[in-house]
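**Q** In UniProt numbering, the protein residues as written are 1 to 319.
From the three backbone atoms N, C-alpha and C, an ideal C-beta is built for every residue, glycine too.
Fair warning: this is a prediction, and the values are worked out from it, not measured in the lab.
Can you keep this structure in mind? I'll have questions shortly.
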Ligand code: NDP
């Protein structure tokens with residue numbers, strides 16, 4: 001909506017994140033809504049003046065005294081750190097960011113990691129360390145089966161990009177999905193079949209009471225011998241001790257891990273030293289202010305006008 005054709009936005013927006021750039025978010029929000037006041041949680045403010053919260057992992061008790069809060073925006077796609085909180089004001093909707101640029105950034109990471117395995121790059125990295133010209137004929141992409149668990153905003157995008165590379169892509173979700181070029185499966189009854197087909201397993205599920213610990217030892221053992229695991233979702237979806245054991249025993253050939261049961265991954269954790277493990281510090285994708293501010297602004301306007309926001313999180317479902 002054009003600024004001149006809409007009513008002024010009431011109240012202020014409060015920002016909290018230890019990871020994201022406040023100034024960039026404030027400027028991006030004000031570029032969309034010039035009359036929106038944005039304050040950092042550490043700056044002086046009147047809690048009663050706060051109508052919108054743009055937050056990532058705000059401390060406990062954060063919402064106390066914000067009696068006029070109308071909208072909580074989770075500064076990211078994963079909402080597991082907010083839906084279970086006990087200090088949430090009742091009835092205030094929580095939304096999350098589902099931004100195509102965030103999905104593209106995530107797909108870039110997943111493509112890099114999956115193609116690294118599909119093209120046997122870890123094998124050549126090891127050969128290079130030995131100073132050895134170790135020819136291994138490339139596999140055709142169709143011969144490599146990649147299973148993507150979670151076909152939401154991020155998972156479906158990544159699955160399509162993997163398929164565009166000619167890889168043989170399977171997908172798995174809670175409810176049935178229909179994505180061209182992807183063999184889609186749904187529900188717990190099909191999980192074991194999907195796992196048993198996966199040369200590369202990509203975990204893109206939200207962390208909910210249903211998915212916590214989903215990839216336990218028994219399920220990880222269902223992966224074909226030598227399979228690789230890519231986890232860009234949440235560490236607690238996977239039994240990390242079992243994963244470590246299976247990487248050590250060679251049942252799993254490799255893992256690319258962006259997320260862990262405990263973050264930062266503690267010094268001395270055996271995963272750090274494993275040659276078949278690639279570790280990145282939870283940054284597979286991030287929300288980009290200039291790109292995501294528009295949808296947040298639209299929701300600010302919607303709730304200002306008494307309309308329900310879009311991208312609302314279903315707290316009962318957990319995602
Ligand atoms: P969505 O909510 O859009 O999609 C979730 C998908 O998982 C859906 O396909 C859903 O099924 C499926 N799912 C949920 N519960 C189950 C279940 N019990 N059994 C089977 N399938 C299930 O999430 P996004 O794609 O936006 O994000 C996925 C996750 O990625 C986030 O929750 C977050 O944890 C993580 N993430 C990680 C980042 C990083 O930097 N490492 C950055 C951003 C996100 P259905 O289609 O039936 O609803």
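Taking the alpha helix (DSSP H) that residue 117 belongs to, which residues open and close that run?
**A** Taken as a continuous stretch (DSSP letters only), the alpha helix (DSSP H) holding residue 117 covers 100-118.
**Q** Using a Cβ-Cβ cutoff of less than 6 Å, which residues in the same chain neighbour residue 12 once the five nearest sequence positions on both sides are dropped?
**A** Excluding positions up to five away in sequence, the list reads 37, 39, 49 and 50.
**Q** Which full runs of the beta strand (DSSP E) of 3+ residues lie inside the region 184-252, going along the chain?
**A** Runs of the beta strand (DSSP E) inside the region 184-252: 200-203 and 227-231.
**Q** Would you give the residue range spanned by the alpha helix (DSSP H) that residue 124 belongs to?
**A** Note, residue 124: alpha helix (DSSP H), 121-129.
**Q** Smallest Cα separation from residue 171: which of 79, 180, 184 and 145?
**A** With distances taken between Cα atoms, residue 171 lies closest to 184.
**Q** Where does residue 29 fall in DSSP's three states?
**A** In the structure shown, residue 29 sits in a helix (DSSP, three-state: H, G or I).
**Q** Given 7 Å as the limit, tell me if residue 25 has its C-beta closer than that to any heavy atom belonging to the ligand NDP.
**A** No, the Cβ of residue 25 stays beyond 7 Å of every heavy atom of the ligand NDP.
**Q** From residue 3 to residue 209, what distance separates their C-alpha atoms?
**A** The pLDDT assigned to residue 3 is 49, lower than 50, so where the model puts this residue is not dependable; a value taken from the coordinates is nonetheless given after this. Approximately 42 Å between the Cα atoms of the pair.
**Q** CA-CA distance, residue 80 and residue 133?
**A** Approximately 46 Å between the Cα atoms of the pair.
**Q** Alpha carbons only, please: which of 235, 52 and 57 is nearest the one belonging to residue 66?
**A** When each option's Cα is compared against that of residue 66, the closest is 52.
**Q** Between the region 154-163 and the region 176-191, can you find at least three pairs of beta-carbon atoms closer than 8 Å?
**A** As far as the Cβ criterion goes, the region 176-191 touches the region 154-163, which means the pair count is three or higher.
**Q** CB of residue 259 to nearest heavy atom of the ligand NDP: below 7 Å?
**A** Yes, the Cβ of residue 259 comes within 7 Å of a heavy atom of the ligand NDP.
**Q** Assign residue 3 to one of three DSSP states: helix, strand, or coil.
**A** Reliability of the predicted coordinates at residue 3 is poor, the pLDDT of 49 falling under 50, and no value is obtained from them.
**Q** I'd like the ranges of any beta strand (DSSP E) spanning at least 3 consecutive residues and lying wholly in the region 128-190.
**A** For the region 128-190, whole beta strand (DSSP E) runs of length 3 or above, ordered along the chain, are 145-149, 168-173 and 183-186.
**Q** State the DSSP-derived secondary structure class of residue 307, mapped to helix, strand or coil.
**A** Looking at residue 307 - three-state DSSP - the assignment turns out to be coil, as it is neither helix nor strand.
**Q** Which value, in whole angstroms, describes the spacing of the CA atoms of residue 304 and residue 71?
**A** Computed Cα separation, rounded: 9 Å.
**Q** Is there at least one non-hydrogen atom of the ligand NDP closer than 7 Å to the beta-carbon of residue 163?
**A** No, the ligand NDP has no heavy atom inside 7 Å of this Cβ.
**Q** Since residue 202 and residue 168 should fall inside the 8 Å C-beta cutoff, what is the C-beta to C-beta distance between them, to a whole number of angstroms?
**A** Actually they do not touch by this definition, with Cβ atoms about 13 Å apart.
**Q** DSSP three-state label for residue 14, please.
**A** Reduced to three states, the DSSP call for residue 14 is strand.
**Q** For the ligand NDP, any of its heavy atoms closer than 7 Å to the Cβ of residue 172?
**A** Under cutoff, so the answer is yes.
**Q** So, is residue 25 buried or exposed, given that buried needs 16 or more other C-beta atoms within 10 angstroms?
**A** When all chains shown are included, residue 25 counts as buried.
**Q** Quick check on DSSP: helix, strand or coil for residue 299?
**A** Of the three classes helix, strand and coil, the one that applies to residue 299 here is helix, per DSSP.
**Q** Can you tell me where the beta strand (DSSP E) holding residue 277 begins and where it ends?
**A** Taken as a continuous stretch (DSSP letters only), the beta strand (DSSP E) holding residue 277 covers 277-279.
**Q** Return the CA-CA distance between residue 279 and residue 231, expressed in angstroms with no decimal places.
**A** Going from the Cα of residue 279 to the Cα of residue 231 covers about 10 Å.
**Q** Quick check: what's the CA-CA separation for residue 143 versus residue 244?
**A** Near 27 Å, if we compare the C-alpha coordinates of residue 244 and residue 143.
**Q** From residue 240 to residue 18, what does the alpha carbon distance come to, in whole angstroms?
**A** If I take the Cα positions, the gap works out to 26 Å.
**Q** What does residue 54 pair with, by DSSP beta-bridge criteria?
**A** Residue 54 pairs with 15 and 73.
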